Amino acid sequence: MINTTYSIQTEGSQPYAKLTTYIQDDSQEIPIQDRPLVLICPGGAYAFTSDREAEVLALQFLAMGYHAAVLRYSVVPAIFPTALSELAYSVKMIRRNAAEWHVNPEQIIVLGCSAGGHLAASLGVFWKEDFLAEILGLGASEHRLIRPDGMILCYPVITTGEAADGESVRNLLGGRKEELWEKMSLENQVDGDTPPAFIWHTFTDNDVPVENSLLFVSALRRAGVCAEFHMYSCGGHGLSLANRLTRGQWDNSVQEECASWISLAHTWMEHWYIKKGQGGD
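When you line the sequence shown up against my numbering, it's residues 636 to 916, in that order.
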């Protein structure tokens, strides 16, 4: 396994920003050549990156047969677009190392939880914008180097409207609320070039209301972008795997009814990135 940590430094990055890879070894005994890679962005309201939504998720995707990576992106006092440029840089690095790492360069999926979901979705809608190309030194025809091929969004922060998670947005924007508040409402940024998505949320999430996911799913629908959405009837925020492996310090951090999400995401990935890649319908 290539289990290596790389420093990720772009304009405004904090010293701790890093990408940790979990790249499975290639083997002549196993007839799998290039695997999808799931790039994980933990949540934490853009104030920290949660351990409960980091390596523990990577190991689950490894067990499913995928490569994985975890981005510990810059948070406060870093502000937009620092974390986004770090994620874009990470996708570019993975894609440029795809042959060596046996990653399918057309099967790089970004996964984000909570504020990390906002970050992952931001790359999904902003990947072709010139400001990112300028930060990363990309040429006019190189925008697709940073485009994710899919998104897995777990109880994501999406909107800056009525259902906004104010803490995450304030941490992301610092003192520039008026300048960028509307742009950060990602349901308004979706178009036909946004990658497909798997999204899940709980009806009873009181920290990041389910309206965040509903708004994004509706925007994807209008744009003709395929999405799979699961809304669980109960469960709080920040569930991660929703089982004992990611039990937190609060009573409702285990919600067995929601633990099926990762197997559903696995089925979604097998359909979109394995079956289709092999010529399936």
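A virtual CB, placed ideally from N, CA and C, is assigned to each residue, including glycine. A quick note: this is a predicted structure, and the numbers were derived from the prediction, not measured.
Contact between the stretch 678–695 and the stretch 758–778 is absent, with fewer than three C-beta pairs closer than 8 Å. For secondary structure counted as the beta strand (DSSP E) over 3 or more consecutive residues, the stretch 883–913 holds no complete run. Secondary structure of R811 (DSSP, three-state): coil. Rounded to the nearest whole angstrom, the CA to CA distance from F761 to D826 is 10 Å. In the assembly as shown, R707 is a buried residue. Its beta-carbon has 16 or more other beta-carbons within 10 Å. Beta-bridge partners of F864 (DSSP): I834. Rounded to whole angstroms, the separation of the alpha carbons of E735 and T655 is 16 Å.
When Cβ pairs closer than 8 Å are counted between the two stretches, the stretch 803–813 is seen not to touch the stretch 852–869, the count staying below three. Assignment of beta-bridge partners to V673 by DSSP yields A703 and I744. Within the same chain, and ignoring the five residues on either side of C676 in sequence, the residues whose Cβ sits closer than 6 Å to its Cβ are L706, G747, G751, L754 and A755. Linking P844 to A733 through their CA atoms gives a straight-line distance of about 37 Å. Judged by DSSP secondary structure, I787 falls outside any alpha helix (DSSP H) and instead within the beta strand (DSSP E) spanning G785 to C789. When the five nearest sequence neighbours on each side are left out, the beta carbons in the same chain lying within less than 6 Å of the beta carbon of E802 are those of A680, in order along the chain.
For T639, the secondary structure class from DSSP, reduced to helix, strand or coil, is coil. It is roughly 7 Å from the alpha-carbon of A723 to the alpha-carbon of L758. In the structure shown, the three-state DSSP call for N841 is coil. Residue pairing by DSSP puts L654 in a beta bridge opposite Y641 and L706. Within the model, the alpha-carbon separation for D660 versus M728 is close to 18 Å.
Counting along the chain, W736 sits inside the alpha helix (DSSP H) bounded by residues A733 to W736. The DSSP-derived three-state label of N823 is helix. Fewer than three pairs of CB atoms, one per stretch, sit closer than 8 Å, so the stretch 875–895 makes no contact with the stretch 851–863. In this structure, F851 keeps its C-beta atom at 8 Å or more from the C-beta atom of L899. Less than 8 Å separates the beta-carbon of A862 from that of I834. Take E646, set aside five residues on each side of it, and the residues of its chain with a beta-carbon closer than 8 Å to its own are T717, S720 and I770, in chain order. Rounded to whole angstroms, the gap between the alpha carbons of W907 and V860 is 13 Å. The continuous alpha helix (DSSP H) containing Q695 extends over residues E690 to A698.
Counted as a single uninterrupted DSSP element, the alpha helix (DSSP H) harbouring R856 occupies residues E846 to A858.
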